[in-house]
Amino acid sequence: MAFFSRLREKISGPKYKELEDQPEYVELEHDPELSRSRVLVRPFVLDDFEDVKPILTSLREGYTIALVNIRPLKDRDLIELKRAINKLKKTADAIDGEIAGFGEDFLVVCPSFASIYRNNQLKKVEE
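In case it helps, our numbering puts the sequence shown at residues 379 to 505.
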(Lines of atoms letter the chains of each structure in order from A; the text may use other names.)
(Lines give C-alpha, C1' and ligand atoms only; values in the text may rest on other atoms or scores of the structure.)
Protein backbone atom coordinates (compact mmCIF):
# COMPACT_ATOMS: atom_id res chain seq x y z
CA MET A 379 0.00 0.00 0.00
CA ALA A 380 2.85 2.39 0.65
CA PHE A 381 3.78 2.22 -3.01
CA PHE A 382 0.31 3.36 -4.13
CA SER A 383 0.12 6.19 -1.61
CA ARG A 384 3.54 7.52 -2.75
CA LEU A 385 2.45 7.24 -6.38
CA ARG A 386 -0.82 9.05 -5.64
CA GLU A 387 1.10 11.79 -3.79
CA LYS A 388 3.45 12.33 -6.74
CA ILE A 389 0.60 12.47 -9.23
CA SER A 390 -1.77 14.65 -7.21
CA GLY A 391 0.85 16.97 -5.75
CA PRO A 392 1.76 17.79 -2.15
CA LYS A 393 -0.62 17.19 0.71
CA TYR A 394 -2.97 19.92 1.87
CA LYS A 395 -0.99 20.43 5.09
CA GLU A 396 2.07 21.42 3.09
CA LEU A 397 0.01 23.96 1.15
CA GLU A 398 -1.33 25.54 4.36
CA ASP A 399 2.18 26.58 5.32
CA GLN A 400 2.44 28.77 2.23
CA PRO A 401 1.30 32.41 2.53
CA GLU A 402 -2.19 33.07 1.17
CA TYR A 403 -1.17 36.13 -0.82
CA VAL A 404 1.90 37.89 -2.08
CA GLU A 405 2.41 41.46 -0.93
CA LEU A 406 3.47 43.81 -3.71
CA GLU A 407 5.46 46.95 -3.13
CA HIS A 408 3.62 50.23 -3.66
CA ASP A 409 5.43 52.61 -5.98
CA PRO A 410 4.12 56.16 -5.42
CA GLU A 411 5.68 57.27 -8.72
CA LEU A 412 3.37 54.93 -10.65
CA SER A 413 0.27 55.79 -8.65
CA ARG A 414 0.26 59.45 -9.63
CA SER A 415 -1.43 60.61 -12.79
CA ARG A 416 0.34 59.34 -15.88
CA VAL A 417 -0.51 62.39 -18.02
CA LEU A 418 1.51 65.50 -17.34
CA VAL A 419 0.84 68.93 -18.85
CA ARG A 420 4.17 70.72 -18.63
CA PRO A 421 5.18 74.27 -19.60
CA PHE A 422 8.45 74.93 -21.39
CA VAL A 423 10.19 78.14 -22.52
CA LEU A 424 12.32 78.29 -25.67
CA ASP A 425 15.14 80.73 -24.97
CA ASP A 426 17.59 78.94 -27.25
CA PHE A 427 17.66 76.05 -29.72
CA GLU A 428 19.23 73.86 -27.02
CA ASP A 429 16.03 74.19 -24.95
CA VAL A 430 14.35 71.82 -27.42
CA LYS A 431 16.16 68.76 -26.00
CA PRO A 432 14.25 68.49 -22.69
CA ILE A 433 10.97 68.99 -24.57
CA LEU A 434 11.82 66.16 -26.96
CA THR A 435 12.87 63.89 -24.11
CA SER A 436 9.64 64.39 -22.20
CA LEU A 437 7.55 63.90 -25.36
CA ARG A 438 9.33 60.66 -26.22
CA GLU A 439 8.47 59.29 -22.78
CA GLY A 440 4.90 59.46 -24.02
CA TYR A 441 3.01 60.96 -21.08
CA THR A 442 3.70 64.68 -21.43
CA ILE A 443 1.66 67.35 -23.17
CA ALA A 444 4.05 70.25 -23.74
CA LEU A 445 3.00 73.91 -23.66
CA VAL A 446 5.90 75.76 -25.24
CA ASN A 447 6.41 79.51 -24.93
CA ILE A 448 8.28 80.52 -28.09
CA ARG A 449 8.28 84.28 -27.45
CA PRO A 450 11.88 84.67 -26.15
CA LEU A 451 13.38 82.82 -29.13
CA LYS A 452 11.00 84.55 -31.53
CA ASP A 453 12.23 87.95 -30.33
CA ARG A 454 15.87 86.93 -30.57
CA ASP A 455 16.32 84.77 -33.70
CA LEU A 456 13.65 83.68 -36.20
CA ILE A 457 15.95 81.21 -37.97
CA GLU A 458 16.65 79.36 -34.72
CA LEU A 459 12.92 79.42 -33.97
CA LYS A 460 12.17 77.76 -37.31
CA ARG A 461 14.81 75.09 -36.62
CA ALA A 462 13.33 74.42 -33.19
CA ILE A 463 9.77 74.20 -34.52
CA ASN A 464 10.87 71.85 -37.32
CA LYS A 465 12.57 69.63 -34.74
CA LEU A 466 9.38 69.58 -32.66
CA LYS A 467 7.30 68.79 -35.77
CA LYS A 468 9.53 65.86 -36.72
CA THR A 469 9.34 64.43 -33.22
CA ALA A 470 5.56 64.89 -33.09
CA ASP A 471 5.28 63.01 -36.40
CA ALA A 472 7.60 60.26 -35.16
CA ILE A 473 5.51 59.62 -32.04
CA ASP A 474 2.21 60.00 -33.95
CA GLY A 475 1.45 63.13 -31.97
CA GLU A 476 0.21 66.57 -32.91
CA ILE A 477 1.57 70.09 -32.78
CA ALA A 478 -0.42 73.31 -32.99
CA GLY A 479 0.07 76.96 -32.23
CA PHE A 480 -2.30 79.04 -30.19
CA GLY A 481 -1.90 82.74 -29.99
CA GLU A 482 1.34 84.08 -31.37
CA ASP A 483 3.58 82.94 -28.55
CA PHE A 484 2.64 79.35 -27.68
CA LEU A 485 2.79 75.86 -29.16
CA VAL A 486 1.06 72.74 -27.91
CA VAL A 487 2.75 69.42 -28.60
CA CYS A 488 1.01 66.24 -27.52
CA PRO A 489 1.67 62.50 -27.92
CA SER A 490 -0.56 60.03 -29.74
CA PHE A 491 -3.06 59.47 -26.90
CA ALA A 492 -4.25 63.11 -27.07
CA SER A 493 -5.53 65.19 -29.92
CA ILE A 494 -5.80 68.94 -30.41
CA TYR A 495 -9.25 70.35 -31.03
CA ARG A 496 -9.35 72.52 -34.12
CA ASN A 497 -12.51 74.36 -35.08
CA ASN A 498 -12.78 76.49 -38.21
CA GLN A 499 -16.24 77.75 -37.24
CA LEU A 500 -14.86 79.36 -34.11
CA LYS A 501 -12.68 81.68 -36.21
CA LYS A 502 -15.69 82.76 -38.28
CA VAL A 503 -17.70 83.63 -35.18
CA GLU A 504 -14.88 85.69 -33.68
CA GLU A 505 -14.44 87.73 -36.87
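C-beta: ideal position from N, C-alpha, C; glycine also.
Tell me which residues share the same chain as residue i and place their Cβ nearer than 7 angstroms to its Cβ, disregarding the 5 neighbours each side in the sequence.
i, result
"Glu476", "Ala470, Cys488, Ser493, Ile494"
"Arg416", "Tyr441"
Just verifying my parser: in three-state terms, what is the DSSP assignment at residue i?
i, result
"Glu458", "helix"
"Glu387", "helix"
"Asn497", "coil"
"Phe484", "strand"
"Pro535", "As displayed, the chain neither begins before 379 nor continues past 505, which places residue 535 out of reach and without an answer."
"Glu476", "strand"
"Ile463", "helix"
"Ala444", "strand"
"Ser436", "helix"
"Asp426", "coil"
"Phe491", "coil"
Going straight from the alpha carbon of residue i to that of residue j, what length do you get?
i, j, result
"Ile389", "Ser383", "10 angstroms"
"Leu424", "Gly479", "14 angstroms"
"Ile433", "Glu407", "31 angstroms"
"Arg496", "Ser490", "16 angstroms"
"Leu466", "Asn447", "13 angstroms"
"Lys431", "Arg438", "11 angstroms"
"Leu418", "Gly481", "22 angstroms"
What does a CB cutoff of less than 8 angstroms around residue i pick up in its chain, not counting 5 residues either side in sequence?
i, result
"Arg420", "Ser436, Thr442, Ile443, Ala444, Leu445"
"Arg461", "Phe427"
"Ile473", "Leu437, Arg438, Gly440, Pro489, Ser490"
If you measure between the beta carbons of residue i and residue j, is that distance less than 8 angstroms?
i, j, result
"Asp426", "Arg449", "no"
"Lys468", "Leu459", "no"
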